[in-house]
Amino acid sequence: MSISGRLFGIWAYLERMAVTTGADSHWVSQVVGNAAYLGIVGALIPIWIGDRYGRKPMVVAGVLLIIVGMALLKYAENQALYITSNVILNIAWSSTIAYLLAAAASSETSGRAAVSAGVASKLGIAAGPLIAAAVLTTGSDSFDNVIYVGMLISVLCLALSWSTLKRTEDSQA
Numbered sequence: 033m034s035i036s037g038r039l040f041g042i043w044a045y046l047e048r049m050a051v052t053t054g055a056d057s058h059w060v061s062q063v064v065g066n067a068a069y070l071g072i073v074g075a076l077i078p079i080w081i082g083d084r085y086g087r088k089p090m091v092v093a094g095v096l097l098i099i100v101g102m103a104l105l106k107y108a109e110n111q112a113l114y115i116t117s118n119v120i121l122n123i124a125w126s127s128t129i130a131y132l133l134a135a136a137a138s139s140e141t142s143g144r145a146a147v148s149a150g151v152a153s154k155l156g157i158a159a160g161p162l163i164a165a166a167v168l169t170t171g172s173d174s175f176d177n178v179i180y181v182g183m184l185i186s187v188l189c190l191a192l193s194w195s196t197l198k199r200t201e202d203s204q205a
């Protein structure tokens with residue numbers, strides 16, 4: 033799942049989304065790289081907050097932020113929005129994936145779910161760019177289809193993980 037294939041292949045096209053609007057590729061690389069480092073904050077959120085609010089609300093908040101970050105990419109020509117989008121996507125993804133992996137690990141005792149979640153994550157990361165390439169509009173600089181399908185897949189991933197999140201939350205209560 034990897035929460036929508038590392039955001040449905042969005043990372044594979046982040047640079048292109050900005051460069052096609054006229055942004056300097058060096059500037060874009062700096063933004064994408066620095067935002068990735070800021071994603072560490074997202075990985076720390078589960079450490080700081082833990083299960084205080086439950087995993088389900090944290091995953092829902094993370095997926096909603098991912099969708100907001102994807103929506104902001106439609107305005108990649110605006111440098112402030114492009115930076116904001118990248119930061120939101122990195123922080124939200126890092127936090128959300130940690131909560132999802134924790135839910136998988138606590139969903140059963142053999143450890144198979146946690147291992148399977150890692151495999152699913154890597155499959156999603158590999159498949160995301162491939163699927164994103166398939167929905168790109170031929171002969172267009174528009175990445176709208178990639179963004180819209182990425183948003184849809186994010187919602188589907190949330191729906192698919194809902195029963196595991198509910199089950200692990202119920203077992204903690």
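Positions 33 to 205 (the numbering used here) are the ones given, in order, by the sequence shown. Using N, Cα and C, we set each Cβ at its ideal position, and we do this for glycine too.
Just to check my reading of the structure: residue i and residue j have Cβ atoms closer than 8 Å, yes? What is that Cβ distance to the nearest angstrom?
i, j, result
"residue 87", "residue 197", "6 Å"
"residue 179", "residue 105", "6 Å"
"residue 120", "residue 100", "6 Å"
"residue 129", "residue 71", "About 10 Å; that fails the 8 Å criterion."
"residue 177", "residue 168", "6 Å"
"residue 63", "residue 118", "6 Å"
"residue 161", "residue 127", "At roughly 22 Å, the Cβ-Cβ gap does not stay under 8 Å, so residue 161 and residue 127 are not in contact."
Does residue i come out as helix, strand or coil in the three-state DSSP assignment?
i, result
"residue 141", "coil"
"residue 176", "helix"
"residue 200", "helix"
"residue 128", "helix"
"residue 160", "helix"
"residue 149", "helix"
"residue 42", "helix"
"residue 182", "helix"
"residue 190", "helix"
"residue 55", "coil"
"residue 133", "helix"
"residue 168", "coil"
Any heavy atom of the ligand PLP closer than 7 Å to the CB of residue i?
i, result
"residue 123", "Ligands in the displayed structure: none, and consequently the ligand PLP is not present."
Would you decide whether residue i is buried or exposed? Buried here means 16 or more other CB atoms lie within 10 Å of its CB.
i, result
"residue 60", "buried"
"residue 134", "buried"
"residue 42", "buried"
Review point. At which residue ranges does the region 86-126 contain complete alpha helix (DSSP H) runs of 4 or more residues, listed in the order of the chain?
Key: 87-104
Check your understanding: With contact counted as at least three CB pairs below 8 Å, one residue from each stretch, are the region 43-53 and the region 80-99 in contact?
Key -> no
**Study point:** Every unbroken beta strand (DSSP E) within the region 59-87, with a cutoff of 3 residues, ordered by chain
**Key:** none
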